[in-house]
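Engineer:
In full-length UniProt numbering, the protein residues as written are 1 to 252.
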């Protein structure tokens, strides 16, 4: 079997009746890619066969689609199952309502992936095809409490060597939790400051269907989860700064 360089992992579900439209848009751009050595891994939470039938369509046979029905419901669980099925050396996360920005997006990922994780710039599409509100990512120390300066998981690619899994206790903040875990294991990401993916905006989004109560619970969960680690890092940072100051004073 030929080695696959990149696995595009797409967790899917009915998306309130929008699955066919959203996934067709994404597949159409995948067909246009100049870089072809990739597979598409579909982990499907759908109760119907809309996604399954689209994946089996002759129009998309060139995409090397690896489809499987996943009974474990939820965005984090569904993404994790797709990651587990990935065979490529690099895993590219792509939500089903998002799509690659142009025909060179996959080649740009390959050319700029140097370490363990890469994040890219993105644009946003309100549903009319116009790309607005471009965003370029950066890591910050408060990402674990929801200050997400990286963006949607669709901007993310990771090395497929014992890849980290998304925290299945999280829905709304699963991306922030994942970025924090990647940072603590590997340090800051490589960054491609170019719009590589387009985020689909609208009422179908998870963020549009999350209650304020769930948001509060997840923020509290994240603060508790990382409390000890952050306290340790802050203490170590103060100790290190003290050492540096002492050394400077010795030679001043």
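C-beta atoms are modelled at their ideal positions from N, C-alpha and C, and glycine is treated no differently.
#1: Quick check on this structure: which residue in 243, 104 and 114 has the alpha carbon closest to the alpha carbon of residue 37?
#2: Is residue 68 buried or exposed, if buried means 16 or more other CB atoms sit within 10 Å of its CB?
#3: Here's the rule: buried if 16 or more other CB atoms are within 10 angstroms of the residue's CB, otherwise exposed. What is residue 213?
#4: From the DSSP secondary-structure annotation, give me the bridge partner or partners of residue 100.
#5: At what residues does the beta strand (DSSP E) containing residue 125 begin and finish?
#6: Do you know offhand how far residue 183's Cα is from residue 159's?
#7: Count the CB pairs spanning the region 161-171 and the region 130-146 that are closer than 8 Å, and state whether there are at least three.
#8: Determine the contact status of residue 29 and residue 100, defining contact as a CB-CB distance below 8 Å.
#9: Tell whether a beta-carbon distance below 8 Å holds between residue 146 and residue 135.
#10: Quick check on DSSP: helix, strand or coil for residue 139?
#11: Is it true that the CB of residue 56 sits closer than 8 Å to the CB of residue 9?
#12: With DSSP collapsed to three states, give me the class of residue 4.
#13: Taking residue 98 and residue 197 to be in contact with their CB atoms under 8 Å, please state how far apart those CB atoms are, rounded to whole angstroms.
#14: Counting pairs of Cβ atoms below 8 Å between the region 61-75 and the region 30-49, do you hit three or more?
#15: Tell me the DSSP bridge mates of residue 156?
#16: CA-CA distance, residue 114 and residue 190?
#17: Below 7 Å CB to CB, which residues in the same chain sit around residue 20 once its five sequence neighbours on both sides are set aside?
#18: If you follow the alpha helix (DSSP H) that residue 27 is part of, which residue opens it and which one closes it?
#19: Report all residues from its chain with a CB closer than 6 Å to the CB of residue 6; omit the five preceding and five following residues, and keep chain order.
#20: With 16 other CB atoms within 10 Å as the buried threshold, where does residue 220 fall?
#21: Give a yes or no on whether the C-beta atoms belonging to residue 96 and residue 202 are separated by under 8 Å.
Structural biologist: Reading it off the structure:
#1: When only C-alpha atoms are compared, the closest one is 104.
#2: Counting Cβ neighbours within 10 Å, residue 68 comes out exposed, since fewer than 16 surround it.
#3: Looking at its Cβ environment, which holds fewer than 16 other Cβ atoms inside 10 Å, residue 213 is exposed.
#4: Assignment of beta-bridge partners to residue 100 by DSSP yields 197.
#5: 117-125
#6: 13 Å
#7: Per the Cβ contact rule, the region 161-171 is not in contact with the region 130-146 (fewer than 3 Cβ pairs under 8 Å).
#8: Cβ distance < 8 Å, so residue 29 and residue 100 count as in contact.
#9: No, Cβ-Cβ distance for residue 146 and residue 135 is not below 8 Å.
#10: Reduced to three states, the DSSP call for residue 139 is coil.
#11: Not a contact, by the Cβ cut-off of 8 Å.
#12: coil
#13: The Cβ separation is near 6 Å, so the contact holds.
#14: yes
#15: 119
#16: 7 Å
#17: 50 and 54
#18: 19-31
#19: 38, 88, 90 and 92
#20: exposed
#21: no
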